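First to last, the protein sequences are chains A and B.
Heads up: the first sequence begins at 1 in my numbering, then just goes up one per residue.
Heads up: the second sequence begins at 1 in my numbering, then just goes up one per residue.
First the structure, in the form of structure tokens, and then the observations on it.
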Amino acid sequence: MAGAGTEPKLDPGLATRVAEFCSELRAEGIAVGTAEILDAYAAMGEVPWRKRDDFREALAATLAKSPEDRRLFELVFDRFFFRASEAEAINRDLHDAEGERFEGGERLDLDELTAAIREAIAEGDEDAMRDLARLAVAAFGRRGEGSGVVGVDVQRIRRSLGLQPGQSRPEGEPAETLDRERIRQFEAHLRRELQQALIERTEKLPPARPLADLDRALPTNPSQDLASVHRAVTQLKRRLATLGQEQRGRRRGRVVDVRRTMRASLETGGVPLRLSYRPKRPKRPEIYVLCDVSTSVTSSSVFFLSVLHALHDSFRKLRSFVFIERISEVTDVFEQERDFRKLSERISRDGGVADVSGYTDYGRVWLEFLTEISDDLDPRSTVIVLGDARTNGRDPHAAAFAELCERAGRIFWLNPEPKLYWNYGDSVMAAYQPFLDAAFECWTTKHLEDFVDVIAGGAVRAE
Amino acid sequence: MSDTPNPQSAPSALPPEPSSIAETKSALKAAGYLADESAALVSYLAQRLGKPVLVEGPAGVGKTELAKAISRASGRELIRLQCYEGLDEAKALYEWNYRKQLLRIQAGAAPADTAGEGAWSSTHDEIFGEEFLLSRPLLTAISSETPVVLLIDEIDKTDQEFEAMLLEVLSDFQISIPELGRIEARTMPIVLLTSNNSRELTEALKRRCLYLWLDYPSIEREMEIVRLHAPELDETLGRRLVEVVHMVRELDLKKPPSIAESIDWARALLLLGAEDIDNEIFTQTMSIIIKHRTDIDLVAERVGMSLGGEKLEAGVSEGT
Numbered sequence: 001m002a003g004a005g006t007e008p009k010l011d012p013g014l015a016t017r018v019a020e021f022c023s024e025l026r027a028e029g030i031a032v033g034t035a036e037i038l039d040a041y042a043a044m045g046e047v048p049w050r051k052r053d054d055f056r057e058a059l060a061a062t063l064a065k066s067p068e069d070r071r072l073f074e075l076v077f078d079r080f081f082f083r084a085s086e087a088e089a090i091n092r093d094l095h096d097a098e099g100e101r102f103e104g105g106e107r108l109d110l111d112e113l114t115a116a117i118r119e120a121i122a123e124g125d126e127d128a129m130r131d132l133a134r135l136a137v138a139a140f141g142r143r144g145e146g147s148g149v150v151g152v153d154v155q156r157i158r159r160s161l162g163l164q165p166g167q168s169r170p171e172g173e174p175a176e177t178l179d180r181e182r183i184r185q186f187e188a189h190l191r192r193e194l195q196q197a198l199i200e201r202t203e204k205l206p207p208a209r210p211l212a213d214l215d216r217a218l219p220t221n222p223s224q225d226l227a228s229v230h231r232a233v234t235q236l237k238r239r240l241a242t243l244g245q246e247q248r249g250r251r252r253g254r255v256v257d258v259r260r261t262m263r264a265s266l267e268t269g270g271v272p273l274r275l276s277y278r279p280k281r282p283k284r285p286e287i288y289v290l291c292d293v294s295t296s297v298t299s300s301s302v303f304f305l306s307v308l309h310a311l312h313d314s315f316r317k318l319r320s321f322v323f324i325e326r327i328s329e330v331t332d333v334f335e336q337e338r339d340f341r342k343l344s345e346r347i348s349r350d351g352g353v354a355d356v357s358g359y360t361d362y363g364r365v366w367l368e369f370l371t372e373i374s375d376d377l378d379p380r381s382t383v384i385v386l387g388d389a390r391t392n393g394r395d396p397h398a399a400a401f402a403e404l405c406e407r408a409g410r411i412f413w414l415n416p417e418p419k420l421y422w423n424y425g426d427s428v429m430a431a432y433q434p435f436l437d438a439a440f441e442c443w444t445t446k447h448l449e450d451f452v453d454v455i456a457g458g459a460v461r462a463e
Numbered sequence: 001m002s003d004t005p006n007p008q009s010a011p012s013a014l015p016p017e018p019s020s021i022a023e024t025k026s027a028l029k030a031a032g033y034l035a036d037e038s039a040a041l042v043s044y045l046a047q048r049l050g051k052p053v054l055v056e057g058p059a060g061v062g063k064t065e066l067a068k069a070i071s072r073a074s075g076r077e078l079i080r081l082q083c084y085e086g087l088d089e090a091k092a093l094y095e096w097n098y099r100k101q102l103l104r105i106q107a108g109a110a111p112a113d114t115a116g117e118g119a120w121s122s123t124h125d126e127i128f129g130e131e132f133l134l135s136r137p138l139l140t141a142i143s144s145e146t147p148v149v150l151l152i153d154e155i156d157k158t159d160q161e162f163e164a165m166l167l168e169v170l171s172d173f174q175i176s177i178p179e180l181g182r183i184e185a186r187t188m189p190i191v192l193l194t195s196n197n198s199r200e201l202t203e204a205l206k207r208r209c210l211y212l213w214l215d216y217p218s219i220e221r222e223m224e225i226v227r228l229h230a231p232e233l234d235e236t237l238g239r240r241l242v243e244v245v246h247m248v249r250e251l252d253l254k255k256p257p258s259i260a261e262s263i264d265w266a267r268a269l270l271l272l273g274a275e276d277i278d279n280e281i282f283t284q285t286m287s288i289i290i291k292h293r294t295d296i297d298l299v300a301e302r303v304g305m306s307l308g309g310e311k312l313e314a315g316v317s318e319g320t
């Protein structure tokens, strides 16, 4: 080890761990150079690294050099050292017998549990949140709703507890709003508990899941993650631009420009020796984007809104709509407001999407779109729907949707849930799928790029 | 590495270098700065490893104050380079004192008429000596006899060229002057760079620095800070004050109140002899923490309302 040579104080085992940790950071896209690793080694020589907080802070100071890096650092740190300690525990067989951890779940009924959790979240009590997350996991485990996939279970538990940021309780009790950030904290506890339960069940460690897929691609906290979305979207924009160029070249020279040909023929006494061709303009499709902004897709709607934002720069004829229970056009908002943060505020304020219950009503949205806007649709227009197709048990009105598809040239659906969960629960993807040109799962920027290939390139790839 | 500082080399006049994070923390506290865990740790590492520290965070969280506190705690002189757009080497590194050089040439000119070539070359050597060098903050810090704290404030205001120039100073603690050669640091300065994150700094600069992100402190910590600077302040009033400040920060303001402003406000309340922060006192003294016309309107509307009632709960009144 190079570091061990220059820093004799450093324990070689620790040096290896730190080097491994650094390579994991690199895999997540943090620029960790050799200089940083050497710094980290030097810092380890100076701080009492047996204390977890000092250890973490010293590593962070030397390795993560921006707020964004710091956020990723925390995630990777937890994952890396959490896995390390769990592996140790399995080796030494330290875990309690199964079932013991979750006792107490029997005693609470769901309403009490929900109330207690809301209270803990409102107060921001970390310890209580952790304990309650444990109980919630136990309670839902007993109801047999667990899917075994941690990410899905977290969302499912959250949904059935009715935890929605800034939303009053469904029964219409005194308006009590919950902080979005705190709900995220609670979700993190849920995730950790589920992970631990999974480890105990299977006695195996979960694979090191790249953060790139889930935690980073669909940012939920606008203040921190906008930069990364915009980076991805800038790439998309560049791509859209070059794709247009390609098309310009491919069919060049097909159409004769009569006026210019005649003008050129004057030189040769009216004989058209040289033909002039009309240049092929890049196809500027008319795009209609319908974006679900309800709470079931909270985590992805920030992402989708920023995609919309970028699309507005690239396509001149783009009309955007947001919907929850009803639909509302926000094209003007996008055109006037350049700053994304203000934009999302304005949308939530002026959107007027009749967010009474917070539940999406896809059927009603189609009917409204059909009566109010669909006259403008023609075969050149492309409709893009961003949503999870979860109707909350209401009528999907597939016939109305079919008529819509009939009028529009092309229609695509981007679903923020992985394909695996489509048509599961109240998702009615299957009802709409036959009328679509294509449906895409879209929960990473990679998926988004695939999709952009399709709309800009024109061809729908067989899947 | 050869440039690792030797703690024993510091002159005996200075307080001894801290040997643990806790010592750094208490030294900073004695200097009037309540550092949190990470700030204390990074300041400690900066002294032990001899690396510059890049401090980032929103305006008014005490980035500059940290440098001043380190200077007080370590007994080192503080040399400050305030950055601004268009800052160049002549203002940051060194400059030749043209007027003095000119005077020297003129003073030497009269007898030199007869002396000729030889006199000119000696004059030439002379006017590019250290005597004619105007030393700017960076050179002062490097060439100082006693160890110093160098604060490069608001580095994000300068352009990338200036950053590139800093690289030599920060990694090797030396400055090259073509006429004189290389000037190396005699003592190891503690270097702090602050940035409000108004632009992304280059990778090369970040690589040479330790990184510290300072954010607004929690209610408890800010209370400690306020009470440290305004010790006569009543405990409950202090808590109320900090809660209001936190509530104001939650709003989307042009300029959120800084820690220094909460301290100012606390002192103002002491002078006024206020016993509680009610709507009236708040409207009267609001201008201490809020300095924008539009912000004042927003705060008066949102915070004034929640102060009207008996109960005050920070953070709950704002919808997300």
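All residues carry an ideal CB built from backbone N, CA and C; glycine is no exception.
No experiment lies behind these values; they were computed from the predicted model shown.
**Q.** Exposure of residue 391 of chain A, with buried meaning 16 or more beta-carbon neighbours within 10 Å
**A.** It counts as buried.
Q. How many Å lie between residue 54 of chain A and residue 39 of chain B at the Cα?
A. Distance from the CA atom of residue 54 of chain A to the CA atom of residue 39 of chain B, rounded to whole angstroms, is 11 Å.
Q: Specify whether the stretch 229–242 of chain B and the stretch 80–100 of chain B touch according to this definition: at least 3 beta carbon pairs, one from each stretch, less than 8 Å apart.
A: As far as the Cβ criterion goes, the stretch 229–242 of chain B does not touch the stretch 80–100 of chain B, which means the pair count is below three.
Q. Between residue 197 of chain B and residue 65 of chain B, is the Cβ-Cβ spacing less than 9 Å?
A. Between residue 197 of chain B and residue 65 of chain B, the C-beta spacing is not below 9 Å.
Q) In this structure, does DSSP put residue 330 of chain A in helix, strand or coil? A) Reduced to three states, the DSSP call for residue 330 of chain A is coil.
Q.
Let me make sure I understand the geometry here. Which of A:154, A:420, A:329 and A:375 has the alpha-carbon closest to that of residue 293 of chain A?
A. Ranking A:154, A:420, A:329 and A:375 by CA distance to the CA of residue 293 of chain A puts A:329 first.
Q. So which of A:264, A:362 and A:408 has the shortest CA-CA distance to residue 476 of chain A?
A. This structure cannot speak to residue 476 of chain A, because chain A is shown only from 1 to 463.
**Q.** Within chain A, the residues that residue 51 of chain B reaches when beta carbons sit closer than 8 Å
**A.** By Cβ distance, chain A contributes 39.
Q) Is there contact here, the stretch 42–62 of chain B with the stretch 122–135 of chain B, by at least three beta-carbon pairs under 8 Å? A) Flag = no, the stretch 42–62 of chain B and the stretch 122–135 of chain B do not touch.
Q) Given a threshold of 16 other Cβ atoms within 10 Å of its Cβ, counted over all protein chains shown, does residue 210 of chain B qualify as buried or as exposed? A) Per the 10 Å Cβ criterion, buried.
Q | Amino acids of chain A, ordered along the chain, whose beta-carbon sits closer than 9 Å to that of residue 211 of chain B | A | Correct list: 60, 61, 62, 63, 64, 65, 66, 69 and 70.
Q) CB-CB under 6 Å to residue 222 of chain B, same chain, minus the five flanking residues each way: which ones, in chain order? A) The answer, listed in chain order, is 242.
(Q) Per the DSSP calculation, residue 384 of chain A is bridged to which residue(s)? (A) The partner list for residue 384 of chain A (beta bridge, DSSP) reads A:289 and A:412.
(Q) Taking the alpha-carbon of residue 362 of chain A as reference, which of A:431, A:309 and A:333 has the nearest alpha-carbon? (A) Considering only A:431, A:309 and A:333, the residue with the shortest C-alpha distance to residue 362 of chain A is A:431.
Q) Below 9 Å between beta carbons: does that hold for residue 410 of chain A and residue 374 of chain A? A) Contact annotation: residue 410 of chain A and residue 374 of chain A have beta-carbon atoms that are not nearer than 9 Å.
Q | Those runs of the alpha helix (DSSP H) which lie wholly inside the stretch 198–250 of chain B and span at least 4 residues | A | Within the stretch 198–250 of chain B, the complete alpha helix (DSSP H) runs of at least 4 residues are 203–207, 219–229 and 235–250.
Q. So is residue 450 of chain A in contact with chain B if we call contact Cβ pairs under 9 Å?
A. So, not an interface residue.
Q.
Can you pull out the residues from the stretch 57–87 of chain B whose beta carbon lies closer than 8 Å to at least one beta carbon of chain A?
A. Taking 8 Å as the Cβ-Cβ cut-off, the stretch 57–87 of chain B has no residue approaching chain A.
Q | Residues, ordered as in the chain, of the stretch 37–51 of chain B that lie near chain A by beta-carbon distance below 8 Å | A | Contact residues of the stretch 37–51 of chain B toward chain A are 37, 38, 41, 42, 44, 45, 48, 49 and 51 (C-beta to C-beta distance below 8 Å).
Q: Kindly list, in the order they appear in chain B, the residues whose Cβ is closer than 9 Å to that of residue 53 of chain A.
A: Residues of chain B passing the Cβ test: 37, 38 and 41.
Q. In this structure, does DSSP put residue 394 of chain A in helix, strand or coil?
A. If DSSP states are grouped into helix, strand and coil, residue 394 of chain A belongs with coil.
**Q.** Residues within the stretch 194–219 of chain B neighbouring chain A, beta-carbon criterion of under 7 Å
**A.** Listed by position, the residues of the stretch 194–219 of chain B near chain A (Cβ gap below 7 Å) are 203, 206, 207, 210, 211, 212 and 213.
Q) Can you check whether the CB of residue 253 of chain B is closer than 9 Å to the CB of residue 290 of chain B? A) Yes, Cβ-Cβ distance for residue 290 of chain B and residue 253 of chain B is below 9 Å.
Q. Between B:183, B:153 and B:42, which lies nearest to residue 140 of chain B when the distance is taken from Cα to Cα?
A. Of the listed residues, the one whose Cα sits closest to residue 140 of chain B is B:183.
Q.
I want to see whether chain B comes within less than 9 Å of residue 36 of chain A, judged by CB atoms only; does it?
A. It does: the Cβ of residue 36 of chain A has a partner Cβ on chain B nearer than 9 Å.
Q. Whose CA, out of B:160, B:27 and B:237, lies closest to the CA of residue 15 of chain B?
A. When B:160, B:27 and B:237 are compared, the shortest CA-CA separation from residue 15 of chain B is found for B:27.
(Q) Under 9 Å, Cβ to Cβ, is there at least one residue of chain B near residue 57 of chain A? (A) With respect to chain B, the C-beta atom of residue 57 of chain A has a partner C-beta closer than 9 Å.
Q: Give the range of the alpha helix (DSSP H) segment to which residue 362 of chain A is assigned.
A: Where residue 362 of chain A is concerned, the enclosing alpha helix (DSSP H) stretches over 362–372.
Q | At least 3 beta-carbon pairs within less than 8 Å: the stretch 185–193 of chain B vs the stretch 162–176 of chain B | A | Contact between the stretch 185–193 of chain B and the stretch 162–176 of chain B is present, because at least three Cβ pairs lie under 8 Å.
Q: Quick one: using the 10 Å Cβ neighbour count with 16 as the cut-off for buried, is residue 43 of chain B buried or exposed?
A: The residue is buried, with at least 16 neighbouring Cβ atoms inside 10 Å.
Q | Among A:37, A:117 and A:195, the one whose alpha carbon lies nearest that of residue 159 of chain A | A | The shortest C-alpha to C-alpha distance from residue 159 of chain A to any of A:37, A:117 and A:195 is the one to A:117.
Q: From the DSSP output, in three-state form, read off residue 307 of chain A for me.
A: It is helical.
Q) Counting only beta-carbon atoms, is residue 31 of chain A nearer than 9 Å to chain B? A) At least one chain B Cβ lies under 9 Å of residue 31 of chain A.
Q.
Please return the same chain residues whose Cβ sits closer than 7 Å to the Cβ of residue 213 of chain B, not counting the five positions on each side in sequence.
A. These residues qualify, in order along the chain: 56 and 57.
Q. Could you give the C-beta distance for residue 41 of chain B and residue 58 of chain A, rounded to a whole number, given that I count them as a contact under 8 Å?
A. Yes, they are in contact, since the Cβ atoms of residue 41 of chain B and residue 58 of chain A sit about 6 Å apart, within 8 Å.
Q) Beta-carbon separation of residue 133 of chain B and residue 95 of chain B under 9 Å? A) Against a cut-off of 9 Å, the Cβ pair of residue 95 of chain B and residue 133 of chain B comes out as a contact.
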